[in-house]
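Some notes on the structure that comes next.
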Amino acid sequence: MGAVLLPPTITPIDGPLVFLAGPIQGAPDWQSEAIRWFTEHAPTISVASPRRPGPRISSDYIAQVDWETHHLRRAAGHGVILFWLACEAVNVPGRAYAQTSRFELAEWKVRHERDGTQLVIGIEDGFSGARYIRHRFGQDCPRVPVVPSLLGACAAAAELARITAAA
1468 MGAVLLPPTI TPIDGPLVFL AGPIQGAPDW QSEAIRWFTE HAPTISVASP RRPGPRISSD
1528 YIAQVDWETH HLRRAAGHGV ILFWLACEAV NVPGRAYAQT SRFELAEWKV RHERDGTQLV
1588 IGIEDGFSGA RYIRHRFGQD CPRVPVVPSL LGACAAAAEL ARITAAA
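Numbering (our numbering), first residue to last: 1468 to 1634.
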């Protein structure tokens, strides 16, 4: 059975890992829906979700970044990084929506090109900049699935994780 990994604890696991990358601040809780999908449809695959249960505590910033970095690297080496680019649900004053996710998406795009890191990109209709992201991934990373639904992204990530685990 796969594990569901949440910050701040770093827990060693065996088998493939899917990291749920994408907006948290200002976004709906799409991570819970993705976790439910994996629990029901791919229960042997572990999932790392950076969305903390309960309120966000600013003093946990370094621990949060370190947790995310550890699990992103683990998924890159043995699994899949799933980006879900959900539309903004709530405006957070003073913060550009999905600013960290956009940086991470570019970082992992380059790592895919250089190292073959397995990625899946899901983009909700109406996400700002979607056309550009689709075009650039189509040009530079044609093997990366770019899909229009969260459940489609989960299914594509599960398939890639199974292939990676079997290799």
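Built from N, CA and C at the ideal position, the CB exists for glycine as well.
Using beta-carbon positions only, say whether residue 1553 and residue 1497 come within less than 8 Å of one another.
yes
Report yes or no: do the stretch 1591–1598 and the stretch 1526–1533 share at least 3 C-beta pairs separated by less than 8 Å?
no
Could you name the residues that DSSP lists as bridge partners for residue 1548?
1486, 1586
Check this for me: beta carbons of residue 1484 and residue 1516, under 8 Å apart or not?
no
If you run the structure through DSSP and keep just helix, strand and coil, what is residue 1559?
coil
Given 8 Å as the limit, is there contact between the stretch 1563–1571 and the stretch 1605–1615, that is, 3 or more CB pairs closer than that?
No, because fewer than three Cβ pairs between the stretch 1563–1571 and the stretch 1605–1615 fall closer than 8 Å, the two stretches do not touch.
Using C-beta distances below 8 Å, list every residue in its chain close to residue 1631, excluding the 5 sequence neighbours before and after it, in chain order.
1483, 1545, 1546, 1547, 1585
Considering only the beta carbon of each residue, do residue 1501 and residue 1627 sit closer than 8 Å?
no
What would DSSP say about residue 1611, mapped onto helix, strand or coil?
coil
From which residue to which residue does the beta strand (DSSP E) around residue 1513 run?
Segment 1513–1515, the beta strand (DSSP E) holding residue 1513.
Taking the Cβ atom as the reference point for each residue, do residue 1590 and residue 1578 lie within a distance shorter than 8 Å?
Contact annotation: residue 1590 and residue 1578 have beta-carbon atoms that are not nearer than 8 Å.
Express the C-alpha separation of residue 1494 and residue 1557 in angstroms, rounding to a whole number.
7 Å
For the alpha helix (DSSP H) containing residue 1624, list its first residue and its last residue.
1617–1633
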